[in-house]
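I have placed the structure first, in the form of structure tokens, so that the comments after it can refer back to it.
In the working numbering, the protein residues as written are 1296 to 1423.
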């Protein structure tokens, strides 16, 4: 048996651009992708903290060190520049491994810099 588990999470990133005229996807700084173990073309779920929108798309790698977090295509209608979003990737894990699985969670600041990298969901319900 397999379970779908959170693999990586980019928590409270800021949208740097919303580009309606692009084919579709989310462009993310390659340094951030490396930190949370996400890959170009990987399916991700996006949660917009500003308006509650939740949608799925795929990743395009962005320039390293740029802090880019650009939502492209039709999904650009669900965000605005400056919105706070959460990007979540999932993976299938064998049932036995699921009990010990540790995702990579990057806590972001307002400049899309990683302030902390953790391997669990914190008990606190409110984070900066």
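C-beta: ideal position from N, C-alpha, C; glycine also.
Span of the alpha helix (DSSP H), counted from its first residue to its last, around residue i
i: residue 1328; result: 1325 to 1331
i: residue 1276; result: Residue 1276 lies beyond the range of the chain shown here (1296 to 1423); nothing can be said about it.
Three-state secondary structure assigned by DSSP to residue i
i: residue 1376; result: coil
i: residue 1392; result: helix
i: residue 1290; result: Any property of residue 1290 remains undetermined from this structure, which presents the chain solely from 1296 to 1423.
Between the CA atoms of residue j and residue i - distance to the nearest angstrom
i: residue 1320; j: residue 1375; result: 15 Å
i: residue 1361; j: residue 1414; result: 24 Å
i: residue 1332; j: residue 1401; result: 10 Å
i: residue 1298; j: residue 1372; result: 32 Å
i: residue 1318; j: residue 1366; result: 11 Å
i: residue 1405; j: residue 1411; result: 13 Å
Own chain residues within Cβ distance below 6 Å of residue i, not counting five before or after
i: residue 1352; result: 1320, 1321, 1370
i: residue 1363; result: 1311, 1322, 1324, 1357
i: residue 1349; result: 1342
Enclosing beta strand (DSSP E) for residue i [first to last residue]
i: residue 1412; result: 1409 to 1413
i: residue 1303; result: 1297 to 1309
i: residue 1312; result: 1312 to 1314
i: residue 1399; result: 1399 to 1403
i: residue 1343; result: 1338 to 1343
Whole-Å CB distance - residue i paired with residue j, under 8 Å assumed
i: residue 1296; j: residue 1398; result: Not quite, the Cβ-Cβ distance comes to about 19 Å (not below 8 Å), so this is no contact.
i: residue 1305; j: residue 1381; result: 7 Å
Own chain, CB closer than 8 Å to residue i, minus 5 neighbours either side, in chain order
i: residue 1407; result: 1308, 1309, 1311, 1324, 1327, 1362, 1363, 1364
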